[in-house]
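A.B. asks: Sharing a structure with you now.
Numbering (this note's numbering), first residue to last: 242 to 384.
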């Protein structure tokens with residue numbers, strides 16, 4: 242198996258040889274910047290090290306990781322808020338359902354109440370009578 246040896250140095254090391262050292266085609270150079278991040282470039286046999294595109298930058302990776310963690314926190318907060326909203330909606334729906342059941346029971350209890358208001362029982366004959374108004378004439382008749 243072939244051994245691969247990377248050309249590695251600090252930014253200062255690479256600056257010191259930038260005019261004399263050109264990486265061969267597919268030769269890999271690793272720059273370690275002052276903050277300890279790695280910048281990887283691949284040679285093309287023509288261009289100077291700092292003119293080559295950076296193909297790996299772990300500082301950028303760390304930025305992306307931090308952004309991703311921030312986005313995940315946003316997603317988790319959204320999920321938590323949606324769960325709380327769902328629970329609140331379900332609770333409100335149950336309260337509304339219970340209120341509707343109570344209203345239905347109340348309406349059922351009131352059925353015929355108007356009929357009962359104009360119905361009376363004669364205390365002597367014990368007959369039920371209905372009080373009504375027709376053409377402005379008050380009438381009492383047996384029910």
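Think of the CB as a built atom: it goes at the ideal place given N, C-alpha and C, for glycine as much as any other residue.
1. On the criterion of 16 or more Cβ atoms from any shown chain inside 10 Å, does residue 282 qualify as buried, or is it exposed?
2. For the segment 286-302 against the segment 252-266, are there 3 or more C-beta pairs whose distance is under 8 Å?
3. If you draw a straight line from the C-alpha of residue 326 to the C-alpha of residue 377, how long is it?
4. According to DSSP, residue 360 sits in a beta bridge with which residue or residues?
5. Please report the straight-line C-alpha distance between residue 269 and residue 301, rounded to a whole angstrom.
6. Could you tell me the boundaries of the beta strand (DSSP E) in which residue 382 lies?
7. Mark residue 280 as exposed unless 16 or more other C-beta atoms lie within 10 angstroms of its C-beta, in which case mark it buried.
8. Residue 228 bridges to which residues according to DSSP?
9. Indicate whether residue 373 and residue 359 have their beta-carbon atoms separated by less than 8 Å.
C.D. replies: Here's the rundown:
1. buried
2. yes
3. 59 Å
4. 371
5. Rounded to the nearest angstrom, the two C-alpha atoms are 19 Å apart.
6. 378-383
7. buried
8. Residue 228 lies beyond the range of the chain shown here (242 to 384); nothing can be said about it.
9. Taking C-beta atoms as the reference points, residue 373 and residue 359 count as a pair closer than 8 Å.
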